[in-house]
Amino acid sequence: MPTPPPTGPLVTRDTLATDLREVGVRPGEILLAHTSLSSLGWVCGGAVSVVRGILDALGPDGTLVVPTQTADLSDPAHWGNPPVPREWWDTIRTSMPSYDPLVTPSLGVGVVPETVRTWPGARRSAHPQTSFAAIGPHAAEILEGHATDCRLGERSPLARLEGLHARVLLLGAGYDSCTSFHLAEYRVPSPLVALGRPGPDGWETVTEVSISSDRFDELGHDFERDRPVVRGKAGAADVRLFPVGDAVAYAERWLPLHRPREEEILHPPA
């Protein structure tokens, strides 16, 4: 049976850069990008063309930041997609390689962030589960000092991005992937959670703020209704642009009203 022809539109590095400029991406700005390659159409050159197109729109003075998370560096007791047998847990904990920002691949954030991670000159932050990678003149300033006991809070790149007046680019991605909302979880009453992970000296457990993207799609809907959000298209993808600071401030007010959570410490199952 013949392979069906690709569906369009045809997207190239140049057409993507043009579309982003028309939507409002400014040369020299800092963008935290959440992307969906498949939403764009048929992309000539795939993820490499997407990264080049974004960098072209930003120009040499702009900085591109992406999440390069590694949720697999976690306690197998919590794995559910798929779960692993209980009798494997101890072996996994003792055998799992610890995080190495140079070689540990990202997981679950898409092919574009992984392409940024391996880009010549890219930098990556130090947190073993919620790292970010960046290309551009502000990369070091944004990524340095990402505390290993602060996934997405005040000592993470999100707070640096907020302070530098960066904007979020949702390129075919929805608000459920808007990492900036998590910074608000550190500023409102949230439970704490004990997290297991491989460390440089063996298995370790740290206490962290519990984070969840539950209802972020609803939060994003209300945010877009109430706050200025630039909307447009790039290829077939919906594009949204808005300041990190606006998203965080709105979520700080929204979350306690719509997703109240009591203070407590949640321990992983034995």
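Just so we're on the same page, my numbering is the position in the sequence shown counted from 1, plus 318. C-beta: ideal position from N, C-alpha, C; glycine also.
Distance check for residue j and residue i, CA to CA, integer angstroms please.
i	j	result
residue 422	residue 446	9 Å
residue 516	residue 392	7 Å
residue 394	residue 401	8 Å
residue 484	residue 377	15 Å
residue 373	residue 406	44 Å
residue 343	residue 321	37 Å
residue 570	residue 346	28 Å
residue 492	residue 503	19 Å
residue 576	residue 547	21 Å
residue 389	residue 532	17 Å
residue 554	residue 536	23 Å
residue 413	residue 449	21 Å
residue 490	residue 507	31 Å
residue 334	residue 409	46 Å
residue 488	residue 397	28 Å
residue 539	residue 357	19 Å
residue 404	residue 331	47 Å
Spatial neighbours of residue i within its chain, please: CB distance less than 6 Å, with the 5 preceding and 5 following residues excluded, ordered by chain position.
i	result
residue 474	464 and 468
residue 359	326, 327, 329, 553 and 554
Given that a residue counts as buried once 16 or more other Cβ atoms are within 10 Å of its Cβ, and exposed if not, what is residue i?
i	result
residue 324	exposed
residue 545	exposed
residue 452	buried
residue 457	buried
residue 552	buried
residue 431	buried
residue 588	Any reading at residue 588 must be qualified, since the residue scores a pLDDT of 43, below 50, and its modelled position is unreliable; no value is offered.
residue 461	buried
residue 418	exposed
residue 581	With a pLDDT of 46 at residue 581, under the threshold of 50, the modelled position of this residue cannot be trusted; read the value that follows with caution. Under this definition residue 581 is an exposed residue.
residue 420	exposed
Could you tell me how far apart the beta carbons of residue i and residue j are, in whole angstroms, since I believe they sit closer than 8 Å?
i	j	result
residue 385	residue 497	5 Å
residue 437	residue 486	At roughly 20 Å, the Cβ-Cβ gap does not stay under 8 Å, so residue 437 and residue 486 are not in contact.
residue 557	residue 549	7 Å
residue 454	residue 381	3 Å
In chain order, what residues of the same chain have a beta carbon less than 7 Å from the beta carbon of residue i, not counting five sequence neighbours either side?
i	result
residue 566	480, 498, 501 and 502
residue 495	352
residue 379	345, 346 and 455
Excluding the five sequence neighbours on either side, which residues of its own chain have a C-beta within less than 8 Å of the C-beta of residue i, listed in chain order?
i	result
residue 514	392, 393, 395, 411, 521, 522, 523 and 586
residue 339	375
residue 387	424, 425, 426, 427, 447, 448 and 449
Query raised in the report: At which residue ranges does the segment 488 to 523 contain complete beta strand (DSSP E) runs of 3 or more residues, listed in the order of the chain?
Result: 510 to 517
Query - Minimum length 4: unbroken alpha helix (DSSP H) runs contained in the segment 529 to 561 - result: 534 to 544
Requested in this report: Could you name each continuous beta strand (DSSP E) segment of 3 residues or more that falls completely within the segment 382 to 462, going from the start of the chain to the end?
Outcome: 450 to 453
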